[in-house]
Each structure stands twice: as C-alpha cells, then as structure tokens.
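Going by my numbering, the sequence shown opens with residue 926, and the numbers climb by one from there.
The beta carbon of each residue, even a glycine, is placed where N, CA and C say it ideally should be.
Keep in mind it's a predicted model, so treat the numbers as computed, not measured.
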Amino acid sequence: MKDIEIVERPPSLVVGLPVLARFGDLGTLVPAAWRALAGTLGDRHPGTLAELSVDLGDGRYHETVGVLLELGDAGAVRIPGAVGSLVPGGRWAQVPHDGPTHAIADTFGRLLAWIGEQGEHAGPHKLDAGYRLDGAPERHLLAVGLQAAPPA
C-alpha cells in the first residue's frame, strides 16, 4: 500500500462522546454518536474531528468520537457528556484515506496487513482523523498504534 509510514506521535486526546459496545453494534452506535456530536458542536470546534477506537480485548470496543487535541488543549472543547480519551504517544503506522467513509474499514484492513508484513505488531488503538460534521468528503488519516512483540 503506498503512502504508509511509521511515525512517532506525541500523546494527544480525543475529547468527545464515548461509545462502549461489541463490534457488531458499532455500525449503529458510532453514527448515532456523530449525529449527537454534530448537534452539540455545530460548526464550532477547535481541532480536527476524529474517532479513537480501543480494542478492549474482550470483544468490546471503546470508541470516542470528537475533537483531536494536544494534551494541554483539553479544555478548549465543551461537549455535554464528553470524555477525554488518551491517544498514546509512540510509534504508529499511518496512511491517508481519500475514498468514501464506508471504505475506511477496508483501508484499515490493508494497513493492518501491511503492519504484519513488516514484522510489526498492532496495538489496541486505532485513530481515524479527518471527519466533517456535514458529511462532506474529506481526506482522513488512519493510524494504528504499534506495540512491542508479545512475549512468546
């Protein structure tokens, strides 16, 4: 896959609405969270709109849909019911996504396959930055946190 790179990211936050669900329920609950966020934020947001996904390892995922901010800027967004979810610093594999949002899962799949081909190990964190509340197309940056090899 072209344009994939491994980068060092500083820690940051996604401040937004939480969704805790099994994978099969995310397709309904996450879009509902985006709609709720759009109703709250309107056009007022001080950063890039993003979704952070954390695989909890028990079949559930913790998603946060909101605004990607530097650690010191967490108070810049006021969203009722919001949480601040840490985007850990460290090594991440990332790739731009220029296609439709319904194809993001396929791009993440290719990114995960590439990570394995490189002998790297995907961690539980995935970041998708570049959403628009009006639904218009926008370039997304898809990233997967990397972790050390699991013990043998």
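Which residues does DSSP pair with residue i in a beta bridge?
i            : result
residue 1046 : 1072
residue 985  : 947
residue 934  : 1015
residue 991  : 941, 975
residue 1005 : Bridge partners of residue 1005: none, in fact.
residue 1021 : 1066
Excluding sequence positions up to five away, which residues of its chain have a Cβ less than 6 Å from the Cβ of residue i?
i           : result
residue 965 : 1004
What would DSSP say about residue i, mapped onto helix, strand or coil?
i            : result
residue 1013 : coil
residue 1055 : strand
residue 971  : coil
residue 998  : helix
residue 956  : helix
residue 1031 : helix
Which residue's Cα is closest to the Cα of residue i: the options?
i            : options          : result
residue 1055 : 1067, 1047, 1045 : 1067
residue 986  : 993, 1037, 1050  : 1050
residue 955  : 938, 967, 977    : 977
residue 934  : 1065, 1059, 1052 : 1052
residue 975  : 960, 1013, 939   : 939
Do you know how far the Cα of residue j is from the Cα of residue i?
i            : j            : result
residue 951  : residue 944  : 8 Å
residue 992  : residue 1027 : 20 Å
residue 1043 : residue 1016 : 14 Å
residue 1063 : residue 1023 : 7 Å
residue 958  : residue 1074 : 34 Å
residue 946  : residue 982  : 12 Å
residue 1057 : residue 996  : 22 Å
residue 953  : residue 1014 : 30 Å
residue 931  : residue 1038 : 14 Å
residue 1061 : residue 963  : 13 Å
For residue i, I'd like the list of residues in its chain whose CB is within less than 7 Å of its CB, leaving aside the five on either flank, ordered along the chain.
i            : result
residue 1020 : 926, 928, 929, 1032, 1036, 1067
residue 1001 : 971, 994
residue 980  : 986, 1049
residue 967  : none
Using a Cβ-Cβ cutoff of less than 8 Å, which residues in the same chain neighbour residue i once the five nearest sequence positions on both sides are dropped?
i            : result
residue 1040 : 1018, 1046, 1047, 1069, 1071
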